[in-house]
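Data first, discussion second: the structure below is written as structure tokens.
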Amino acid sequence: MQNNGVVRGEADQAKPVVIGKDTVYIHSNIREYDKLDSEGNKIGIGYEYDEVQYDKDEYLQKLINEQNK
108 MQNNGVVRGE
118 ADQAKPVVIG
128 KDTVYIHSNI
138 REYDKLDSEG
148 NKIGIGYEYD
158 EVQYDKDEYL
168 QKLINEQNK
């Protein structure tokens, strides 16, 4: 497990769970922020969230342990 702290990303990554090829990302406290250009003008919406990263085996073991409690 690796706590990546607050991470910024796009809408497609602003989900509670993102599963990659060999990594699982857990996002919490998902919120929008205004993307600004160098002059301070709003150019879009971004997302930021708290991110914890697991390798898949580690995440599966975590789920099993939680079920067995």
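Those letters in the sequence shown? Residues 108 to 176, by our numbering.
For each residue, glycine too, the CB sits at the ideal point set by N, CA and C.
Fair warning: this is a prediction, and the values are worked out from it, not measured in the lab.
Discussion item. Considering just the uninterrupted stretch of the beta strand (DSSP E) at Q120, what are its terminal residues?
Written reply: First-last for Q120: undefined, no H or E at that position.
Discussion item. Tell me which residue opens and which closes the alpha helix (DSSP H) that D164 is part of.
Written reply: It spans K163 to Q174 - the alpha helix (DSSP H) in which D164 sits, taken as one unbroken run.
Discussion item. Output needed for E122: all residues of its chain with C-beta closer than 6 Å, excluding positions within five of it in sequence on either side, in chain order.
Written reply: In the sequence as displayed, the identity of residue 122 is Lys instead of Glu. No residues qualify anywhere along the chain.
Fill in: Residue environment, V124, which counts as buried when at least 16 other CB atoms sit within 10 Å
Exposed, by the Cβ-count rule.
Fill in: CB contact flag (G153, D162, <9 Å)
No; because the gap between Cβ atoms is not below 9 Å, this pair is not in contact.
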